[in-house]
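A.B. asks:
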Amino acid sequence: MGELKKKDYEDLLEPLQEELNAMARWAAKVGARVLVILEGRDTAGKTGVINALSDKLNPRQVRTVALSKPTEREQGQWYLQRYVPHLPAAGEIVLFDRSWYNRAGVERVMGYATEEQVRAFLAAAPAFEKMLVDDGILLFKYWLTCDQSEQEKRFAERRGDPMKRWKLSPVDIEARGKYADYTAAREAMLAATHTAHAPWTLVDFNDQRRGRLTLIRNLLDRLPDTMVETPPLELPPLPGKPEEEHFGVLKPIHPFPAP
Numbered sequence: 001m002g003e004l005k006k007k008d009y010e011d012l013l014e015p016l017q018e019e020l021n022a023m024a025r026w027a028a029k030v031g032a033r034v035l036v037i038l039e040g041r042d043t044a045g046k047t048g049v050i051n052a053l054s055d056k057l058n059p060r061q062v063r064t065v066a067l068s069k070p071t072e073r074e075q076g077q078w079y080l081q082r083y084v085p086h087l088p089a090a091g092e093i094v095l096f097d098r099s100w101y102n103r104a105g106v107e108r109v110m111g112y113a114t115e116e117q118v119r120a121f122l123a124a125a126p127a128f129e130k131m132l133v134d135d136g137i138l139l140f141k142y143w144l145t146c147d148q149s150e151q152e153k154r155f156a157e158r159r160g161d162p163m164k165r166w167k168l169s170p171v172d173i174e175a176r177g178k179y180a181d182y183t184a185a186r187e188a189m190l191a192a193t194h195t196a197h198a199p200w201t202l203v204d205f206n207d208q209r210r211g212r213l214t215l216i217r218n219l220l221d222r223l224p225d226t227m228v229e230t231p232p233l234e235l236p237p238l239p240g241k242p243e244e245e246h247f248g249v250l251k252p253i254h255p256f257p258a259p
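Below you can see the structure in the form of structure tokens.
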């Protein structure tokens with residue numbers, strides 16, 4: 001299957017984003033709580049799919065959670081405690097750019113967590129997620145896959161592009177040689193936490209555009225019937241001629257010089 005061209009991708013994405021808008025109206029109307037966890041390989045495309053999911057939605061309704069490394073205080077808490085304040089409230093859609101599964105992935109592979117801590121997490125995560133689902137949260141867990149050859153191309157692109165350099169951290173560089181270790185960690189994670197109440201879905205992101213479409217279509221198909229008609233909105237005529245701007249105290253700055 002060939003790589004999806006940009007124009008084709010944009011044409012296919014637009015109706016999906018219309019459906020996402022309908023889903024957001026539905027969530028607001030019924031008070032649904034939608035939680036989407038996005039995990040995967042470094043460079044797989046988590047940021048891109050988060051942008052595709054949220055770009056056309058009301059920013060007051062959709063939130064992205066991307067936590068930094070734990071503070072000293074958080075290191076002294078129950079591991080899952082720092083994530084609880086970020087869970088969705090009624091009508092909200094929350095996208096986790098990585099999540100509590102850091103413990104089963106990067107923390108395990110890079111030696112930031114002990115094997116005892118990892119085992120404890122893998123035992124606790126299904127029970128924690130069962131509590132969320134039983135309380136009514138709609139939980140979706142996605143893991144984005146890509147081959148190491150594709151990952152290497154993306155690392156090189158980030159290194160060479162000043163606009164993407166921020167995406168390349170020292171940890172990413174150190175982790176480059178641990179592709180197989182991340183595979184083993186993922187498989188152990190799936191074996192312990194792929195449950196009937198909170199299943200995992202793996203999505204091929206070797207072609208990031210096609211991967212985004214695949215993930216969004218899957219998410220929409222797994223939600224309840226979310227079709228809520230757009231409420232009519234009348235724009236009555238103005239009472240007179242449209243006014244132009246007038247300035248007293250301050251004037252606008254000079255426009256950007258176009259060629």
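The sequence shown begins at 1 in full-length UniProt numbering and counts up one residue at a time.
A virtual CB, placed ideally from N, CA and C, is assigned to each residue, including glycine.
All figures in this text were calculated on a predicted structure; none of them were measured in a lab.
Identify which residue in Met1, Val94, Pro126, Met189 has its Cα closest to the Cα of Thr64.
C.D. replies: Val94
A.B. asks: Should Pro237 be flagged as near chain B, meaning a C-beta pair shorter than 8 Å?
C.D. replies: Checking the listed chains, one finds no chain B in this structure; it contains a single protein chain.
A.B. asks: Considering only residues of the same chain and omitting the five flanking positions on each side of Ala125, which have a CB-CB separation below 7 Å?
C.D. replies: Trp100, Thr193
A.B. asks: Given a cut-off of 8 Å, decide if Ala127 and Asp42 are closer than it, judged by their beta-carbon atoms.
C.D. replies: no
A.B. asks: Count the other C-beta atoms from every protein chain shown that fall within 10 angstroms of the C-beta of Gln81, then say buried if there are 16 or more, exposed otherwise.
C.D. replies: exposed
A.B. asks: For Asp8, which residues from the same chain have a beta carbon less than 6 Å from its beta carbon, with the 5 sequence-adjacent residues on both sides left out?
C.D. replies: none
A.B. asks: Give me the Cα-Cα distance between Arg186 and Pro236, rounded to the nearest whole angstrom.
C.D. replies: 57 Å
A.B. asks: Looking only at its chain, what residues have a beta carbon closer than 6 Å to the beta carbon of Cys146, apart from the 5 residues adjacent to it on each side?
C.D. replies: Result list for Cys146: Arg41, Ala44, Phe205, Asn206, in chain order.
A.B. asks: Kindly indicate which residue of Pro85, Tyr79, Gly91 has the alpha-carbon position closest to the one of residue 275.
C.D. replies: This structure does not reach residue 275, given that the chain is present from 1 up to 259, and the question cannot be answered.
A.B. asks: Going by C-alpha distance, which of Asp134, Ala27, Pro59 is nearest Ala196?
C.D. replies: If we check each option's Cα against that of Ala196, Asp134 comes out closest.
A.B. asks: Suppose only complete runs of 4+ residues qualify. What are the alpha helix (DSSP H) ranges in the region 134-188, listed by chain order?
C.D. replies: 148-160, 170-175
A.B. asks: Near Gln17, what residues of its chain come up, given a Cβ to Cβ distance below 6 Å and the 5 sequence neighbours on each side ignored?
C.D. replies: Beyond the five residues adjoining it in sequence on each side, Gln17 comes within less than 6 Å, by CB distance, of Lys56 in the same chain, given in chain order.
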